[in-house]
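Student: Dumping the structure here so I can ask a few things about it.
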Amino acid sequence: METSTNKTLILLLNNVKSLPLVITLLLLFPLTSCTNQAQIYRIRDITRNQQLLIRNQALSQSTYGLMVMSRGYIDGEARVTLLLDGQVRKTKVVSGNVRFQWRKHWNDNRAIVRYQPRGVTEGELRFNVTFMD
């Protein structure tokens, strides 16, 4: 069964002058077959314990990985924990200028980031979360 994409590729292959275009299209095709949209979460009250429930927006696709990038600043110290089904997967103690990244094999469409401050008086902390579909 020939699809319109296959017909287009066949037509392009018949024309040798368009070979660079065909190679470019073939290299770009894998990038369009997955969705990796970052979601941004922010700790609302930096002085209190919080849990962020993170959900994959593309529930129809299976997830194979998770990337969490955090940036910000806190005056004090805090523990940040990544959880799945109540089980700790990653933990980081942060203070001052915060910048870290977690990459994890992940087969679920949800995660929890737990934030536990100790003596934090001010600051800002945000998380960019990407589910690899």
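In short: position in the sequence shown from 1, add 608, done, that's the working numbering.
All residues carry an ideal CB built from backbone N, CA and C; glycine is no exception.
Everything numeric in this text was worked out from a predicted model, so none of it was measured.
1. Output needed for Arg707: all residues of its chain with C-beta closer than 6 angstroms, excluding positions within five of it in sequence on either side, in chain order.
2. Under three-state DSSP, which class holds Arg734?
3. Which of the three DSSP states, helix, strand or coil, is assigned to Ile654?
4. Going straight from the alpha carbon of Arg726 to that of Ser670, what length do you get?
5. Quick one: what does DSSP say Asp683 is sitting in, helix, strand or coil?
6. Could you tell me which residues DSSP puts in a beta bridge with Gly727?
7. How big is the Cα-Cα spacing for Gln645 and Ile720?
8. Between the Cα of Asn715 and the Cα atoms of Phe735, Asp693, Met677 and Arg652, which residue gives the shortest distance?
9. Is Gln647 helix, strand or coil when you go by DSSP?
Tutor: According to the structure data:
1. Within the sequence shown, the letter at position 99 stands for residue 707. Arg679, listed in sequence order.
2. Start at 1 with the first residue of the sequence shown, and residue 734 comes out as number 126. Here Arg734 sits in strand by DSSP.
3. Against the sequence shown, residue 654 aligns to sequence position 46. Three-state DSSP puts Ile654 in coil, outside helix and strand.
4. What you label residue 726 is simply residue 118 of the sequence shown in a count that begins at 1. What you label residue 670 is simply residue 62 of the sequence shown in a count that begins at 1. Distance between the alpha carbons of Arg726 and Ser670: 37 angstroms.
5. Taking the first residue of the sequence shown as 1, we reach residue 683 at position 75. Of the three classes helix, strand and coil, the one that applies to Asp683 here is strand, per DSSP.
6. Within the sequence shown, the letter at position 119 stands for residue 727. Paired residue(s): none; Gly727 is not in a bridge.
7. Within the sequence shown, numbered from 1, the residue matching residue 645 stands at position 37. Within the sequence shown, numbered from 1, the residue matching residue 720 stands at position 112. If you take the alpha carbons of Gln645 and Ile720, they lie about 18 angstroms apart.
8. The residue given as residue 715 occupies position 107 in the sequence shown. The shortest Cα separation from Asn715 among Phe735, Asp693, Met677 and Arg652 belongs to Asp693.
9. On the sequence shown, position 39 is the one that residue 647 refers to. Correct three-state label for Gln647: strand.
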